[in-house]
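Novice:
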Amino acid sequence: MLDVELIRREPEKVKRGIANKNVDPKLVDDFLTLDKKWRELTKQADEARAKLNILSRERKIDEAKVVKTQIKSLEEELTKAEVSRDAALKIIPNLPLPEVPVGKNETSNVVIREVGRKPKCDFPVKDYLELGQKLDLIDTERAAKVSGSRFGYLKREAPLLEFALAQFAFDFLTNQKNITKVIKENKLSITPEAFIPVLPPVLIKPEAMSAMGYVERGGEEIYFLEKDQLYLVGTSEQSVGPMHMNETFDEKDLPRRYIAFSTCFRREAGSYGKDTKGILRVHQFDKLEMFVVSAPETSTEEHKLLLALEEKLMQVLELPYRVLQICSGDLGDPAAAKYDIEVWLPGQDGSKGQYRETHSTSNTTDYQSRRLNIKLKPSAEGGSASGGKNSKLKPQYVHLLNGTAFAIGRILIAILENYQTKKGSIKVPKVLRRYIKLKEIK
RNA sequence: GGAGACGUGCCAGAGUGGUUGAAUGGGCCGCACUCGAAAUGCGGUAUGCCCGAAAGGGCAUCGGAGGUUCGAAUCCUCCCGUCUCCGCCA
Numbered sequence: 002m003l004d005v006e007l008i009r010r011e012p013e014k015v016k017r018g019i020a021n022k023n024v025d026p027k028l029v030d031d032f033l034t035l036d037k038k039w040r041e042l043t044k045q046a047d048e049a050r051a052k053l054n055i056l057s058r059e060r061k062i063d064e065a066k067v068v069k070t071q072i073k074s075l076e077e078e079l080t081k082a083e084v085s086r087d088a089a090l091k092i093i094p095n096l097p098l099p100e101v102p103v104g105k106n107e108t109s110n111v112v113i114r115e116v117g118r119k120p121k122c123d124f125p126v127k128d129y130l131e132l133g134q135k136l137d138l139i140d141t142e143r144a145a146k147v148s149g150s151r152f153g154y155l156k157r158e159a160p161l162l163e164f165a166l167a168q169f170a171f172d173f174l175t176n177q178k179n180i181t182k183v184i185k186e187n188k189l190s191i192t193p194e195a196f197i198p199v200l201p202p203v204l205i206k207p208e209a210m211s212a213m214g215y216v217e218r219g220g221e222e223i224y225f226l227e228k229d230q231l232y233l234v235g236t237s238e239q240s241v242g243p244m245h246m247n248e249t250f251d252e253k254d255l256p257r258r259y260i261a262f263s264t265c266f267r268r269e270a271g272s273y274g275k276d277t278k279g280i281l282r283v284h285q286f287d288k289l290e291m292f293v294v295s296a297p298e299t300s301t302e303e304h305k306l307l308l309a310l311e312e313k314l315m316q317v318l319e320l321p322y323r324v325l326q327i328c329s330g331d332l333g334d335p336a337a338a339k340y341d342i343e344v345w346l347p348g349q350d351g352s353k354g355q356y357r358e359t360h361s362t363s364n365t366t367d368y369q370s371r372r373l374n375i376k377l378k379p380s381a382e383g384g385s386a387s388g389g390k391n392s393k394l395k396p397q398y399v400h401l402l403n404g405t406a407f408a409i410g411r412i413l414i415a416i417l418e419n420y421q422t423k424k425g426s427i428k429v430p431k432v433l434r435r436y437i438k439l440k441e442i443k
């Protein structure tokens, strides 16, 4: 959620920001109206309670009884007001950062660069599903029998490739030397902390899911187990973020970087008819996700680091890709800025080839951390950043960022299509050969 | 799933209905003493919200949500979490 102070102080700015996200600016006025009412009731209730406290201290029991009934009805009103005020606050999305291009929808996303060489094949290029089925790596037909549409069995070398990719990503990101190198290459001035590997729970409580900001809009996308009141995560971000709920970080413990592996579950409710074949868009897939807890001042650089690492992983795998800066209208609720990576899939669109999304990295600034109540201890010495000699340092919230390391299903697809040979076999990318003792899948 | 114990401030740990936001100790911060340090002494040390230009004032918070009462950290109910034992299980 946004800072209430900010909405009160600069409503016009907030309106502009959310309008750029295609969200009705009227939400701001709605909130302010409810907020005003809530403040009035708060005042009344507080005053009544003050009165009661005095009376009861003086043992004026009869008078106190009268005040007590007043308080009861005031509190009922207040609770109602509070509920609607909170709801109104929570549906206001995060504001885009100033550098984010303004645009209505994905057509205004900006291609920043294209990297890598698209494979030139002197033979008819096949699509991953054809290749995968012929080599018995992917079986969606039997999956449909067992689980329905949008599921798949990965078989034979495919699971081995999956674990090779996971192992590779863990190795790469937990090695501080690699991080240092990427930071240097991109001229960033942030600490070269390595990533901490995490295997998180994939079932999480409603509070946790809601705090991450995906329930208000887009709740349809999420699986919910009614009987147990638990959500299935759509990305491990939703499980890793709440790990630090109600915690306060020392500045010296930041940045905190995590690399998490988890299965991800998505209902794909709004995508009937889209990508129905194969395993490009499925209800269940495994993903390695980077997650960063950052000091507010460094989050933009951390975001650049996440993007740089995503690119690095793609480069080392020698997969051609392009980088998109996502425009304001295509940002999700919690995101203030976002980049996507799309891999080149030469077998798509009838062998014409197509870019398809494999990575996404967002800076959610303090939008998630405010709701998760993850704070940063104001630095005692000199108040380096917060400035001023105010003895009361305002609480700072950390910034939270996330970025895909590998969405494994889609990377498998990319490997199949980009590493296919004339014979219909698949070469194993060089970096993976130390994790899978194979040069070629045939 | 069954039985029991517990859940208080940064930490340890008192407190079983009435100025208790909370003893005491530790930690931390400031000051004094010192050339400096240790030790010692004195003082300070929660958060959120509301009103206020500020000074300041008010309200709430002792795992969470309700309830009893003029008044609850203290009594009652439910929930959550931790630990121990049993059952089950990979």
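Be aware that the first sequence starts at 2, since it is given in our numbering, and climbs by one per residue.
Idealized CB from N, CA, C, for every residue including glycine.
Tell me where the alpha helix (DSSP H) around E186 begins and ends.
Specialist: Q177 to E186
Novice: Does the Cβ of S426 lie closer than 7 Å to at least one heavy atom of the ligand GTP?
Specialist: This structure simply doesn't include the ligand GTP, nor any ligand for that matter.
Novice: Consult DSSP for G425 and reduce its assignment to one of helix, strand or coil.
Specialist: coil
Novice: Tell me the rounded alpha-carbon separation between V126 and G354.
Specialist: 9 Å
Novice: Taking the beta strand (DSSP E) that L289 belongs to, which residues open and close that run?
Specialist: Q285 to S295
Novice: State the start and end residues of the unbroken beta strand (DSSP E) segment that holds L346.
Specialist: A338 to L346
Novice: For R258, write down the residues that DSSP places opposite it in a beta bridge.
Specialist: Bridge partners of R258: V293.
Novice: Taking the straight line between their C-alpha atoms, what separation do you get for R58 and A46?
Specialist: Rounded to the nearest angstrom, the gap between the Cα atoms of R58 and A46 is 18 Å.
Novice: Reducing DSSP to helix, strand and coil, say where G404 ends up.
Specialist: strand
Novice: May I have the straight-line CA-CA distance separating G388 from N403, to the nearest angstrom?
Specialist: Residue placement at G388 cannot be trusted, given a pLDDT of 29 that sits under 50; the coordinates are not used to answer.
Novice: Where does K275 fall in DSSP's three states?
Specialist: coil
Novice: Checking 8 Å against the spacing of the C-beta atoms, do R435 and T359 come in under that value?
Specialist: no
Novice: Would you please state the rounded distance, in angstroms, between the beta carbons of P321 and V116? I believe it to be under 8 Å.
Specialist: 7 Å
Novice: For the alpha helix (DSSP H) that P198 lies in, which residues bound it at each end?
Specialist: Premise fails: P198 lies in the beta strand (DSSP E), I197 to V199, not in any alpha helix (DSSP H).
Novice: Assuming T43 is part of the alpha helix (DSSP H), what are its boundary residues?
Specialist: K27 to R58
Novice: Under the DSSP definition of a beta bridge, which residues are partnered with F266?
Specialist: Q285
Novice: Considering only C-alpha positions, which residue in the set K275, E298, A309 and D276 is nearest to M291?
Specialist: A309
Novice: How should Y273 be labelled, buried or exposed, when 16 other C-beta atoms within 10 angstroms of its C-beta is the threshold for buried?
Specialist: exposed
Novice: Please list, in chain order, all residues of the same chain as D251 whose beta carbon is under 6 Å from its beta carbon, the five residues on each side excluded.
Specialist: K378
Novice: Below 8 Å on the Cβ atoms is my contact criterion, and I expect A49 with I72 to pass it. Report the Cβ-Cβ distance as a whole number of Å.
Specialist: 5 Å
Novice: Output the residue ranges of the alpha helix (DSSP H) runs that lie fully inside the segment 57–126 and measure 4 residues or longer, sorted by chain position.
Specialist: 62–91
Novice: Using the beta-carbon count (16 or more within 10 Å), is L7 buried or exposed?
Specialist: exposed
Novice: Distance check for G242 and M213, CA to CA, integer angstroms please.
Specialist: 7 Å
Novice: Counting along the chain, where does the beta strand (DSSP E) carrying H360 start and finish?
Specialist: Q355 to N364
Novice: Take P202 and list the residues in its own chain whose beta-carbon comes closer than 6 Å to its own, dropping the five residues that flank it on each side.
Specialist: S240
Novice: Among P198, E100 and S352, which residue has its Cα nearest to the Cα of K119?
Specialist: S352
Novice: From the DSSP output, in three-state form, read off Y154 for me.
Specialist: DSSP places Y154 in strand when its eight states are reduced to three.
Novice: For the segment 295–322, list the beta strand (DSSP E) runs that are entirely contained and at least 3 residues long, ordered along the chain.
Specialist: Inside the segment 295–322, DSSP marks no whole beta strand (DSSP E) run of 3 or more residues.
Novice: Less than 6 Å between C-beta atoms, sequence neighbours within five positions excluded: which residues of the same chain meet that for S109?
Specialist: C328
Novice: Let me make sure I understand the geometry here. Which of R282, G271, G235 and K253 has the alpha-carbon closest to that of S263?
Specialist: G235
Novice: Do T299 and P347 have their C-beta atoms closer together than 8 Å?
Specialist: no
Novice: In the DSSP assignment, find the unbroken alpha helix (DSSP H) run with L413 in it and report its ends.
Specialist: I409 to N419
Novice: How far does the alpha helix (DSSP H) with Y232 in it extend, from its first residue to its last?
Specialist: No alpha helix (DSSP H) holds Y232; the beta strand (DSSP E) holding it covers L231 to L233.
Novice: Report yes if the CB atom of I375 is closer than 8 Å to the CB atom of L136, and no otherwise.
Specialist: Result no, Cβ atoms of I375 and L136 do not sit closer than 8 Å.
Novice: Excluding the 5 residues flanking G153 on each side, which residues of the same chain have their C-beta closer than 7 Å to its C-beta?
Specialist: Counting only Cβ-Cβ distances below 7 Å, and skipping sequence neighbours, we find I139, D140, T141, A144, I280 and V283.
Novice: Are A89 and L35 closer than 8 Å when you measure CB to CB?
Specialist: yes
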